[in-house]
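Chains as they are written, first to last, in the working numbering: chain A, 968 to 1149; chain B, 968 to 1149. Ideal Cβ positions, reconstructed from N, Cα and C, are used throughout, including at glycine. Since this is a predicted model, take the numbers as computed values, not measurements. What follows is one structure encoded as structure tokens, with my remarks underneath.
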DNA sequence: ACCTGAACACCGTTCAAGT
DNA sequence: ACCTGAACACCGTTCAAGT
């Protein structure tokens, strides 16, 4: 990629981050191209699908979250590690309102540009869940898919303006269902 | 409304029920009018907004559910009543995939055609929750809004094809968080 | 190589014109 | 009264034409 092309790529991504954060993950791609001052074709060549654009935006946060998962796993009690990680992935998903739907769909869609990233996220969560279960800190009858579904549920609640004020409390209720009283 | 107009109204509603159930609550209104064989203006006069159309579709189910709530309240132990009602409202919402978003938004939007229906639903759920809480069957630190948020979360999970297989299990996990062990 | 924007096939919504 | 469908302002997506 030439320096000029890279400049375009970066600028589109910057504008996209802004608009998707402000207007949600279904913001108009036309609008992004327009605001970035590039042709629609340029946006589409750099990001062949909305998922590809989302993936580029989420990659940084996902990578940090993967590292964080490793650190938490080593340094924190298993219940604390699991809850901290849950809180963070819900926040990342909520940053681009509506993105959680694509993330969940990507898990089973190998063709999605988000597939690899989301499978990795899910695996990181599953590891934290497994450790908590081994130590008796988390209920044994849920798996990584269930955990991801609960993340989806929490991110969806956070995305709804009418539920926003209660979403912290809902998080605690569901967190309480994942952890076992010890 | 003339007999001819009523025929149009009913036919549009019938077609809409079919298409929204098949394609989700965001199915094309143009498509509905086209399939029903009426002009777009006719659809819009009978149903001035997508919410109005959804309301007409949901009203029957909502009314039945309100009656059911009353019956359950009188005949069933409070925990059974609450869970049965939860299961049914989640199923009703899931029938028109994506409708739960409008339902949740309508609670705070007095201008929405769905407002009155959804406030009524929420009130019915709150009554069942309150009885369960009085009898110590439900955790005391949640309110009607939290219950509605959890209904939203469950309906959203059920709406996601990738999570569908687990959604019964997720229901049980969250139900377990609402009820107290006795 | 890279970029642009017209073109196509769709939307939701409104409203003049018809019966 | 009631209905129709053109018109408007938007989409997402593709691709010929330009540099």
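Counted as a single uninterrupted DSSP element, the stretch harbouring residue 1063 of chain B is not any alpha helix (DSSP H), since DSSP gives it neither H nor E. Only residues of its own chain outside the window of five on either side were considered, and among them 1033, 1036 have a CB closer than 6 angstroms to the CB of residue 1091 of chain B, listed in chain order.
DSSP lists B:1146 as the bridge partner or partners of residue 1105 of chain B.
Using a CB distance below 8 angstroms, no part of the region 1007–1040 of chain B faces chain A. In the DSSP assignment, residue 1133 of chain B falls outside any alpha helix (DSSP H), carrying neither H nor E. Taking each of A:1117, A:1097, A:1018 in turn and checking the Cα distance to residue 1081 of chain A, the smallest one comes out for A:1018.
Taking a cut-off of 8 angstroms for Cβ pairs, the region 1125–1134 of chain A and the region 974–992 of chain B do not touch, as fewer than three such pairs fall below it. At a cut-off of 8 angstroms between C-beta atoms, residue 1056 of chain A does not count as an interface residue with respect to chain B. Minimum Cα-Cα distance from residue 1109 of chain B among the listed residues B:1084, B:1142, B:1128 corresponds to B:1142.
In terms of Cβ geometry, residue 1029 of chain A and residue 1079 of chain A do not form a close pair [threshold 8 angstroms]. CA-CA distance, residue 971 of chain A to residue 1009 of chain A, rounds to 12 angstroms. Note on geometry: alpha-carbon atoms of residue 1045 of chain B and residue 1026 of chain A lie some 47 angstroms from one another.
Counting only residues of its own chain and dropping the five nearest sequence neighbours on each side, residue 1095 of chain B has a CB closer than 8 angstroms to the CB of 1036, 1039, 1040, 1045, 1048, 1049, 1052. Around the CB of residue 1070 of chain A, 16 or more other CB atoms lie within 10 Å, so the residue is classed as buried. A residue is called buried once 16 or more other Cβ atoms fall within 10 Å of its Cβ, and residue 1007 of chain B, having fewer, is exposed. Contact of residue 1143 of chain A with chain B is assigned, a C-beta pair being separated by under 8 angstroms. Not one beta carbon of chain B lies nearer than 8 angstroms to the beta carbon of residue 1093 of chain A. Residue 1139 of chain A counts as exposed, since fewer than 16 other beta carbons sit within 10 angstroms of its beta carbon. Within chain A, no C-beta atom comes less than 7 angstroms from the C-beta of residue 1098 of chain B; the nearest is roughly 19 angstroms away. The beta strand (DSSP E) runs lying completely inside the region 1002–1081 of chain B and spanning 3 residues or more number zero.
Contact of residue 1136 of chain B with chain A is assigned, a C-beta pair being separated by under 8 angstroms. Under the 8 angstroms criterion on CB atoms, residue 1075 of chain A is classed as interfacial with respect to chain B. The Cβ atoms of residue 1042 of chain A and residue 1104 of chain A lie no closer than 8 angstroms to each other.
For residue 1120 of chain A, the enclosing alpha helix (DSSP H) has its first and last residue at 1111–1126. For residue 1119 of chain A, the chain B residues whose Cβ falls inside 8 angstroms of its Cβ are 1123, 1124, 1127, 1130, in order along the chain. Within the same chain, and ignoring the five residues on either side of residue 1000 of chain A in sequence, the residues whose Cβ sits closer than 6 angstroms to its Cβ are 1007, 1010. In this structure, the alpha-carbon of residue 1114 of chain B lies about 46 angstroms from that of residue 1005 of chain A. If you ignore the 5 residues before and after residue 1125 of chain A, its C-beta comes within less than 7 angstroms of the C-beta of 1057, 1061, 1131, 1134, all in its own chain and listed in chain order. For residue 1065 of chain A and residue 1123 of chain A, the gap between their C-alpha atoms comes out near 7 angstroms. In terms of CA proximity to residue 968 of chain B, B:1013 leads the group B:1121, B:1074, B:1013. Around the CB of residue 991 of chain B, fewer than 16 other CB atoms lie within 10 Å, so the residue is classed as exposed.
Sequence-distant Cβ neighbours of residue 1089 of chain A in its own chain, meaning closer than 7 angstroms and more than five residues away, are 1074, 1111, 1115.
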